[in-house]
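First residue of the sequence shown: 10, per this note's numbering; consecutive thereafter. We put the beta carbon where it would ideally sit given N, CA and C, even for glycine. Only a predicted model underlies this, so the values are computations on that prediction, with no experimental measurement involved.
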Amino acid sequence: MPSVSAHVAITLASHLDNVFGVMGNGNAYFLDALERQTDVRYTPVRHEAGAVVAADAHFRASGRIAAGTTTYGAGFTNTLTALAEAVQAHVPLILVVGDEPTSGPRPWDVDQIALASAVGARTYTVGRADAAATTAIAVEHALAYSVPTVLAIPYDVARLDAGPVPEAPQPQLPGPLAPHDEFGRTQVARLARALATAERPFLLAGRGAWLAGAGESLGELADAIGAVTASTALGRGVFPDGRFDLGVTGGFGADGAMELVRDADVAVVFGASLNQFTMRFGHLFSPETQLMQVDTAPAATHPHVGGFIRGDARLVADQLVSALRELRAEPSGWRESLDFQALTYRPEGDGIAADGRLDPRTVAKRIGELLPEERVVVSDGGHFIGWANMYWPVASPDRMIMVGTAFQSIGLGMPSVVGAALARPEATVVLTTGDGGGLMALADLESAVRVAGGRGMAVVWNDAAYGAEVNLYGLKGLSRSPMLIPEVDFAALASAVGAEGVAVRTLDDLDRLGSWAATPADARPFLLLDCRITHEVISPYQQEVIRVNS
Ligand SMILES: Cc1ncc(C[n+]2csc(CCOP(=O)(O)OP(=O)(O)O)c2C)c(N)n1
């Protein structure tokens, strides 16, 4: 007879294709059932944080839910940082964990429900009679609220016979939110009138717009009014027409582009939470700009917003396009008068900095030119995030994934490769990481190389320091030694797990990336570029943070 664990595994199998995890006492029976009784692919990772991160990156890269699994106690507590990140980034996933027996905690148990709750995740605990239904409810909860959800299997329940596995109902999910009442309709009509007469209209879109599938609709809206467009860091590439796009707003934005945004007379923001970085700490828009926000959040998310429409980005954009058609609105003509190449110009650096190490701007520019076009970039956190965000073009928001930035965590980069590689089998996955975050995530370098193989590569911005800390606190005069890292040979670490490592000390050393990219993925190894960069060149976004902090 199928066990409770088999009920969980078989029910999960009707909702997802990938589970990532580390095995232990608490999930042994679940993993056995998953392997023997389902077609789900199980991928081992080497640290439990990686199990959650891989499931998270899988969803961000594909929109398809995945699961992580760990044992109880220490296995579970190892996931907490990654779980907090998924909560804060609104990423649905299932975390299947062992838990204390129904008879009560043993000396090595902790209150896992309280721990998950403390980072914002709900736990569903399966029993002998309800394992399949509870599993289906957990999946529905994760998808409906876009949150990670813990599914706990008590230790003494895991192997009990549970009888035939019942058919699990498909999750019932809410439809897109439309502003269909009188208030909402009037607001949309009023915004359409404002856009029809705007002389310098500007549209900004974030990841919410991408999740709503609003790209094409926003493109039509931009054309109807002749708007200049831009996106947030997580929404890069959401507008289908790049010709009139300023790229990313905030500290990653080009100076000229950011100045132009302040010229807009009417600006509409779709599906972006307007955090302090996007808003350039309050300086993105001029106080003269009429700023409107369209979002599914219950209320406006920044004090500069002058008018808020609660609704799905695609539906509202479509409503605006029809309203503008009825008004016979003409495009403003503003964007045709602008030189986008000049506006989005970025300095490229001098190749080698004064200390003899590489200038990261020049390296980033060159790597951006050599990367395979069909790619998904996954990024860890740290000062270096500026380089990929400024110099590597992004075709769509699901191709630039930053697991860790919502919770401001470093050390989640390596296992992001695993989830993205399985979510996007057609793409090369490119990790961008610092040496500090890279060392923190090192356990899953092995997983990244094993899973992605020749479809994977990593760029390590090796400045022999926790660079962000040097910039924020070293420059203030705080003791530097806690901020420094001995120069680690990441190229050698890569070869230890079967990858090819290249120590990049000159721009010519990047030629290997060119020949690697020209080789078919199944005939090349995972490539790690260990870029020995200076920490003397500070990214403009970090300079902005330094200014604000002082
Ligand atoms: C888990 C965690 N620990 C510590 C920090 C504090 N922190 C933020 S950035 C940073 C430095 C990251 O160094 P590295 O990965 O080498 O990137 P760099 O800043 O040098 O580009 C640290 C330690 C954090 N954000 N998250």
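Cβ-heavy atom distance, residue i to ligand 1, below 7 Å
i      : result
Tyr38  : no
His56  : no
Trp401 : no
Asp472 : yes
His560 : Residue 560 is absent from the structure shown; the chain starts at 10 and stops at 559.
Ile146 : no
Gly35  : no
Asp444 : yes
Glu478 : yes
Tyr133 : no
Gly72  : no
Ile419 : yes
Thr90  : yes
Tyr475 : yes
Residue i (DSSP reduced to helix, strand or coil)
i      : result
Ser282 : coil
Ile74  : coil
Val247 : coil
Ser240 : strand
Ala363 : coil
Ala450 : coil
Ala276 : strand
Tyr354 : coil
Phe294 : coil
Ile19  : helix
Ile494 : coil
Asn87  : coil
Thr111 : coil
Glu208 : coil
Glu339 : coil
Arg514 : coil
Ala508 : coil
Ile234 : helix
Thr442 : strand
Residue i - containing beta strand (DSSP E), residue span
i      : result
Trp470 : 465 to 471
Tyr133 : 131 to 134
Ile103 : 102 to 108
Ser388 : 384 to 388
Leu300 : 299 to 304
Glu435 : Unbroken run through Glu435: none, as it is neither H nor E.
Thr52  : 50 to 53
Ala161 : 157 to 163
Span separating the alpha-carbon of residue i from that of residue j
i      : j      : result
Val100 : Asp407 : 13 Å
Arg366 : Leu537 : 18 Å
Gly315 : His189 : 21 Å
Trp3   : Gly443 : Here the chain has residues from 10 to 559 only, and residue 3 is not among them.
Ala231 : Gly256 : 15 Å
Arg464 : Ala530 : 5 Å
Met32  : Thr80  : 6 Å
Ala223 : Gly136 : 41 Å
Lys374 : Trp343 : 30 Å
Ala75  : Ile103 : 7 Å
His544 : Arg202 : 50 Å
Val275 : Leu522 : 44 Å
Thr20  : Thr158 : 15 Å
8 Å Cβ cutoff, residue i in contact with chain D
i      : result
Gly428 : Annotation note: the requested chain D is absent from the structure, which comprises a single protein chain.
Segment limits, alpha helix (DSSP H) that includes residue i
i      : result
Ile394 : 394 to 400
Tyr154 : 140 to 154
Ile419 : First-last for Ile419: undefined, no H or E at that position.
Asn27  : First-last for Asn27: 27 to 30, but that is the beta strand (DSSP E), not the alpha helix (DSSP H).
Val270 : 264 to 270
Ile376 : 369 to 379
Query - Three or more C-beta pairs below 8 Å linking the region 417 to 432 and the region 59 to 72 - result: yes
Query raised in the report: Is it a yes or a no for the region 14 to 24 touching the region 172 to 183, going by three-plus beta-carbon pairs under 8 Å?
Result: yes
Query raised in the report: Looking at C-beta atoms only, is the number of pairs between the region 503 to 521 and the region 473 to 489 that lie closer than 8 Å three or more?
Result: no
Query raised in the report: Using 8 Å as the Cβ pair cut-off and three pairs as the minimum, do the region 34 to 42 and the region 390 to 405 touch?
Result: no
**Report entry** Validate contact between the region 245 to 255 and the region 205 to 224 using beta carbons, cut 8 Å, 3 pairs
**Finding:** yes
Query raised in the report: If you pair each beta-carbon of the region 161 to 169 with each one of the region 101 to 115, do three or more pairs fall below 8 Å?
Result: yes
Requested in this report: Could you tell me whether the region 435 to 452 touches the region 385 to 393, using the rule of 3 or more Cβ pairs below 8 Å?
Outcome: yes
Query raised in the report: When the Cβ atoms of the region 186 to 204 are set against those of the region 306 to 322, are three or more pairs found closer than 8 Å?
Result: yes
Report task. Spell out a yes or no on whether the region 485 to 492 and the region 339 to 356 are touching, meaning 3 or more CB-CB pairs, one atom from each, closer than 8 Å. Result -> no
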